[in-house]
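Peer 1: Numbering (the numbering used here), first residue to last: 266 to 336. Please find one structure pasted underneath; my questions will follow.
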Amino acid sequence: MTFDIKMIKKVYENKTTRVDKAHDLIRRSLALIENFLDNHLWHLMPSQTFNRGVNYVEFAPDRVAFQIVTA
Numbered sequence: 266m267t268f269d270i271k272m273i274k275k276v277y278e279n280k281t282t283r284v285d286k287a288h289d290l291i292r293r294s295l296a297l298i299e300n301f302l303d304n305h306l307w308h309l310m311p312s313q314t315f316n317r318g319v320n321y322v323e324f325a326p327d328r329v330a331f332q333i334v335t336a
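Next up, the structure:
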């Protein structure tokens, strides 16, 4: 995996703005996974609340990690 500081800075430069926007929409504290997911929305900024099993949400992850467990 190559180290790309420009990509990393781009992902995290608006992190607090996105989390604050999601917090304002949901009107409660965000779970850790909600923080992660709201930062990787396809449209970049949260614009609505999402309900499990009801809404379809598109994400744009900058990288993906897999963990393989063997018995």
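We put the beta carbon where it would ideally sit given N, CA and C, even for glycine. Just so you know, these numbers come straight off a predicted model, no measurement behind them.
If you draw a straight line from the alpha carbon of residue 277 to that of residue 304, how long is it in whole angstroms?
Peer 2: Using only the alpha carbons, I get a separation of about 8 Å.
Peer 1: By how many angstroms is the C-alpha of residue 324 removed from the C-alpha of residue 308?
Peer 2: Straight-line Cα distance between these residues: approximately 8 Å.
Peer 1: By DSSP, does residue 315 sit in helix, in strand, or in coil?
Peer 2: Coil.
Peer 1: Using three-state DSSP, classify residue 297 as helix, strand or coil.
Peer 2: Reduced to three states, the DSSP call for residue 297 is helix.
Peer 1: Taking buried to mean at least 16 other C-beta atoms within 10 Å of its own C-beta, is residue 330 buried or exposed?
Peer 2: Exposed, since its Cβ has fewer than 16 Cβ neighbours within 10 Å.
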